[in-house]
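First residue of the sequence shown: -3, per this note's numbering; consecutive thereafter. Yeah, the Cβ is synthetic: ideal placement off N, Cα and C, and Gly gets one too.
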Amino acid sequence: MTEAGWATLMLPFDADIQDGMEVYSCSDVKDNVLTLVPVSDKLAANTPYIIKADADKTFAFSGNSQAVEDSYTSGLLTGVYAETQAPVGSYVLQNQTDGVAFYKVADVQPTVKANRAYLMPDAAGVNVRAIYFPNGDVDLSLIHI
């Protein structure tokens, strides 16, 4: 887990959700804030998720790969199994000056690491600089539309 306490994750096999890990799917954005749906059962193979946990906590997973494709999309998240440049117009999870959020990719295309995901909310009609998490740590005055 990153020091920010948020990450994205996609595994090529089913896995149990580990203690200390909060798992969410995401299929909508409203008013520049992610609509997160808690996942309490298992991590499904080839499904990207948003994860929240204590900073710098380590999780280990193992299983037999069920992946056939290089990337998979579920809701607004697209997970990748090989390092990939995030597409222009997508959003990547970063900890910038305004805090932890999904920031829009413009001219500079950051690399999304293997087993991670980016957000592609264009279908939801979203076109903002950053998309924030729905928690008490978000300062809504920092949201720019």
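In or out: T43 buried (at least 16 other Cβ within 10 Å) or exposed? On the sequence shown, residue 43 is found 47 positions in, with the first residue counted as 1. Result: buried.
Please check the pair A126 and A97, which I expect to be a contact at CB under 8 Å, by giving their CB distance rounded to whole angstroms. Here residue 126 corresponds to residue number 130 of the sequence shown, with the count starting at 1. Here residue 97 corresponds to residue number 101 of the sequence shown, with the count starting at 1. Indeed they touch by this definition, with Cβ atoms about 4 Å apart.
Supposed close pair V101, V84 - CB separation, criterion 8 Å: Translated into the one-based positions of the sequence shown, residue 101 becomes position 105. Translated into the one-based positions of the sequence shown, residue 84 becomes position 88. Yes, they are in contact, since the Cβ atoms of V101 and V84 sit about 6 Å apart, within 8 Å.
Alpha carbon to alpha carbon, how far is L30 from F129? Give it in angstroms, no decimals. The residue labelled residue 129 in the question sits at position 133 within the sequence shown. The residue labelled residue 30 in the question sits at position 34 within the sequence shown. Cα to Cα, F129 sits roughly 6 Å from L30.
Option in N60, D27, L7 and M17 with minimal Cα separation from N123: Position 127 of the sequence shown, counted from the first residue, corresponds to residue 123. Selected option, being the one with the closest Cα: D27.
Could you spell out where the beta strand (DSSP E) holding T74 opens and where it closes? If you number the sequence shown from 1, residue 74 lands on position 78. That run of the beta strand (DSSP E) goes L73 to V76.
Suppose contacts are defined by Cβ-Cβ distances below 8 Å. Is Y77 in contact with A41 by that definition? Within the sequence shown, the letter at position 81 stands for residue 77. Within the sequence shown, the letter at position 45 stands for residue 41. Taking 8 Å as the Cβ cut-off, Y77 and A41 do not qualify as a contacting pair.
CA-to-CA distance, M(-3) to T54, given in whole angstroms: The residue you call residue 54 lines up with position 58 of the sequence shown. The residue you call residue -3 lines up with position 1 of the sequence shown. Their Cα atoms are separated by approximately 6 Å.
Which residue spans inside the segment 15 to 39 form an unbroken beta strand (DSSP E) run of at least 3? 17 to 26 and 29 to 35
For S70, the first and last residue of its enclosing beta strand (DSSP E): In the sequence shown, counting from the first residue as 1, residue 70 sits at position 74. Residues S67 to S70.
Checking the sheet assignment: what are the DSSP bridge partners for R112? Counting from 1 along the sequence shown, the entry for residue 112 is found at position 116. V76, per the DSSP bridge assignment.
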